[in-house]
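S.K.: Just so we're aligned, residue 1 is where the sequence shown starts under the UniProt record's numbering, counting upward by one.
Glycine residues also receive a C-beta, built at the ideal position from the N, C-alpha and C atoms.
Have a look at the structure that comes next, please.
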Amino acid sequence: MTVNSAVNDASGYPPDGARARRARELLQEERRTRVAQLTVLEHAEDAAPDQGTLARRESLQSTLEEIDAALARLDDGTYGLCEDCGEPVPEGRLEIIPYARRCVQCQQRRR
Ligand SMILES: [Zn+2]
C-alpha cells in the first residue's frame, strides 16, 4: 500500500481496491463484447467488405484501444482522473463509459 498517492483516497481507484476491481470488471465485460462483435464482423466479411463494415470495425478497434488504455490506467493508479483537468471523473460517467478519459466538461470542450 502506498500512502503518497493523490488518488489513494475514498474517491480514487487505488489499484488493489474494490472500486478498481469493479471498474476492471466493467472494462473486461466491455472488452469481451467488443471482441465478440469484431469477430462476427471479421467472419461475416467477404472478399470486399463494404464501407459500413470497415467503419464499424475501425470504431470497435479504437474502442478496444481505449479499453486497454483504461486497464493500464487502473494498473498505474491514474484511472478515474480526467486527463485534462486532473479532477476525478464522476462515478456515474464511468459506470456508463468505463474507459472515459475525461470529465464531461473537458470532453465537451473538445468537440
Ligand atoms: Zn476534466
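Between the C-alpha atoms of residue 96 and residue 48, what's the straight-line distance to the nearest angstrom?
M.R.: Straight-line Cα distance between these residues: approximately 34 Å.
S.K.: Buried or exposed: where does residue 92 fall if 16 or more other Cβ atoms within 10 Å of its Cβ makes it buried?
M.R.: So residue 92 counts as exposed.
S.K.: Counting along the chain, where does the alpha helix (DSSP H) carrying residue 42 start and finish?
M.R.: Run containing residue 42: 18-44, per the alpha helix (DSSP H) assignment.
S.K.: Kindly list the residues whose CB is nearer than 7 Å to the CB of residue 94, restricted to its own chain and excluding five residues on each side of it in sequence; keep chain order.
M.R.: Same-chain partners within the cutoff: 23, 80, 100.
S.K.: Using 10 angstroms around the beta-carbon of residue 20, count the other beta-carbons present and answer buried if the total reaches 16, otherwise exposed.
M.R.: It counts as buried.
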